[in-house]
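Visitor:
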Amino acid sequence: MGIDDVWPLFALEIRTPRLTLRPIRDEDLPALAVAALQGIHDADRMPFGVPWTDAAPEEIPRNLAMYQWSLRQVSPENWSIAFGVHVDGALVGVQDLSARGFADRRTVGSGSWLTTSAQGRGFGTEMRAGLLLFAFDVLGAEWAESSAASWNERSLAVSRSLGYEPNGVTRVAPRPGEPVDEVRVRLDRRRFRRPDWRATVHGADAALAQLGIAGPG
Numbered sequence: 000m001g002i003d004d005v006w007p008l009f010a011l012e013i014r015t016p017r018l019t020l021r022p023i024r025d026e027d028l029p030a031l032a033v034a035a036l037q038g039i040h041d042a043d044r045m046p047f048g049v050p051w052t053d054a055a056p057e058e059i060p061r062n063l064a065m066y067q068w069s070l071r072q073v074s075p076e077n078w079s080i081a082f083g084v085h086v087d088g089a090l091v092g093v094q095d096l097s098a099r100g101f102a103d104r105r106t107v108g109s110g111s112w113l114t115t116s117a118q119g120r121g122f123g124t125e126m127r128a129g130l131l132l133f134a135f136d137v138l139g140a141e142w143a144e145s146s147a148a149s150w151n152e153r154s155l156a157v158s159r160s161l162g163y164e165p166n167g168v169t170r171v172a173p174r175p176g177e178p179v180d181e182v183r184v185r186l187d188r189r190r191f192r193r194p195d196w197r198a199t200v201h202g203a204d205a206a207l208a209q210l211g212i213a214g215p216g
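Here numbering that gives the first Met the number 0 is used: the first residue of the sequence shown is 0, the next is one more, and so on.
#1: If you reduce the DSSP assignment to three classes, tell me which class Asn166 lands in.
#2: Would you tell me roughly how many angstroms separate the C-alpha atoms of Leu113 and Ile39, rounded to the nearest one?
#3: Would you call the stretch 100-107 and the stretch 138-156 in contact, with 3 or more CB pairs under 8 Å?
#4: Consult DSSP for Asn151 and reduce its assignment to one of helix, strand or coil.
#5: In angstroms with no decimal places, state the Cα-to-Cα distance between Asn62 and His85.
#6: Would Val184 and Ser149 qualify as a contact pair, given that the criterion is a beta-carbon distance under 8 Å?
#7: Can you name the start and end residues of the beta strand (DSSP E) that Gly123 belongs to?
#8: Write down every uninterrupted run of the beta strand (DSSP E) in the stretch 18-82 whose length is 3 residues or greater and which is fully enclosed by it, in chain order.
#9: Tell me Thr114's beta-bridge partners as DSSP assigns them.
#10: Kindly identify the DSSP beta-bridge partner or partners of Gly108.
#11: Out of Glu181, Met45, Ala156, Tyr66, which one is the CA nearest neighbour of Glu125?
#12: Write down the C-beta distance between Val200 and Phe133 rounded to the nearest angstrom, noting that I regard them as a contact closer than 8 Å.
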């Protein structure tokens, strides 16, 4: 018996033309920490709802590990999967997929980050598109939601390019004393602007069984 038999989500893999997305394992944590420590965003602006990149550099590897371990509490009611994003074998970022009450809501949420050296190459759009193909065509999702700070035009542009539409604005303060508008967006599967390529998914059946999802039927 292998670890994939114990935790079937580890066998899940999504391949796009340039990227491989697979759930983060313990052996990925050192590379994940290196990617994060190489830099993700300008220090004067915080793109995350939880300002985890503000931690001292020596604390970030341990914090990342604890967060990844916390995601392994999954159930049909609530689950979250952090896919490591790999380019030519190197881990360069994370693409999250999550859901609450998926059986009734058929809605997924997403968030992501890329190390600085991987930005500006179209990977952000490609990894989100691959995730949406998986969510809509394999999981049977009907809606996808996301959000970004109003100043984060790069993230919002990715959402627009894939067909997301505005879904309200709220006020948040990831850093004390630095409130910003958070723009929420929502995508109907029928309005998804599909890429001109297909994603290849491995290990889906066992992963769906672990999450208690029947899929699109």
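All residues carry an ideal CB built from backbone N, CA and C; glycine is no exception.
Guide: This is what the structure holds:
#1: strand
#2: For Leu113 and Ile39, the distance between alpha carbons rounds to 6 Å.
#3: yes
#4: Reduced to three states, the DSSP call for Asn151 is coil.
#5: 21 Å
#6: no
#7: Where Gly123 is concerned, there is no enclosing beta strand (DSSP E), although the alpha helix (DSSP H) it sits in stretches over 122-133.
#8: 19-22
#9: Partner(s): none; Thr114 has no beta bridge.
#10: Ser97, Glu144
#11: Ala156
#12: 6 Å
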